[in-house]
Amino acid sequence: PALIGRWPEYHLRPERLGVLPPAEAIGARDPIHFDREAARAAGFAGLVAPPTFPIALRPRDVRDGLGIDMRKLLHGEQEFLFERPIVAGDRISVTGEIVDVGEKVGRSGVMKTVTVLVRGFDATNRLVFESRSTVLIRS
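Numbering-wise (this note's numbering), the sequence shown opens with residue 2 and increments by one.
Spelled out as structure tokens, the structure:
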């Protein structure tokens, strides 16, 4: 309904220091996330961001300003689809939109659902990733 739609595009350039904490947080062990030489030897121009890194590329929560009581918010699901890895130094243009709003009946009653789609494009405007997340909002 009225909540469905896009928010303004913005541009980011993940840097080395921005890639390291998320890689450490998820327990990544592959040296391509920590060692520039290992990343270069694997064919990458810089450190490779971990698979959950697109979460860090969203500067604000698209649900801000919608009057949602965040204490009632539950993470429903999250998926990432990659055309290629994100590498430190990439210029990423990010777009996002609320693509679905609905209701679901759970054990605690009726809950609203909000699904957000975020896409990242490189400097040549090629798709790098899509991230789709759904949250549940308890009544």
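Glycine residues also receive a C-beta, built at the ideal position from the N, C-alpha and C atoms.
Among the options, nearest to residue i - alpha-carbon criterion
| i | options | result |
| --- | --- | --- |
| R92 | K113, M71, L58 and R72 | L58 |
| Q79 | V111, G47 and I56 | I56 |
| S94 | T116, T114 and F130 | F130 |
| V88 | I138, A124 and V136 | A124 |
| G103 | D70, L137 and P22 | L137 |
| P86 | L48, A39, G28 and F35 | L48 |
| K105 | A42, M71, V115 and R41 | V115 |
| G97 | N126, R41, V117 and D31 | V117 |
Cross-strand partners of residue i (DSSP beta bridge)
| i | result |
| --- | --- |
| S134 | Q79 and V117 |
| R139 | M112 |
| L74 | I138 |
| G28 | Answer is none; G28 lacks a bridge partner. |
Counted within 10 angstroms of its Cβ, other Cβ atoms place residue i as buried (16 or more) or exposed
| i | result |
| --- | --- |
| I33 | buried |
| R120 | buried |
| A24 | buried |
| M112 | buried |
| S109 | exposed |
8 angstroms CB neighbourhood of residue i in its chain, flanking five on each side removed
| i | result |
| --- | --- |
| L128 | E84, R120, G121 and F122 |
Pairwise C-alpha distance: residue j and residue i
| i | j | result |
| --- | --- | --- |
| I69 | S134 | 16 angstroms |
| G73 | S140 | Inspection of the sequence shows that residue 73 is occupied by Lys rather than by Gly. Roughly 8 angstroms between the two C-alpha positions. |
Cβ shell of residue i (< 7 angstroms), same chain only, five flanking positions each side left out
| i | result |
| --- | --- |
| I27 | P51 and T53 |
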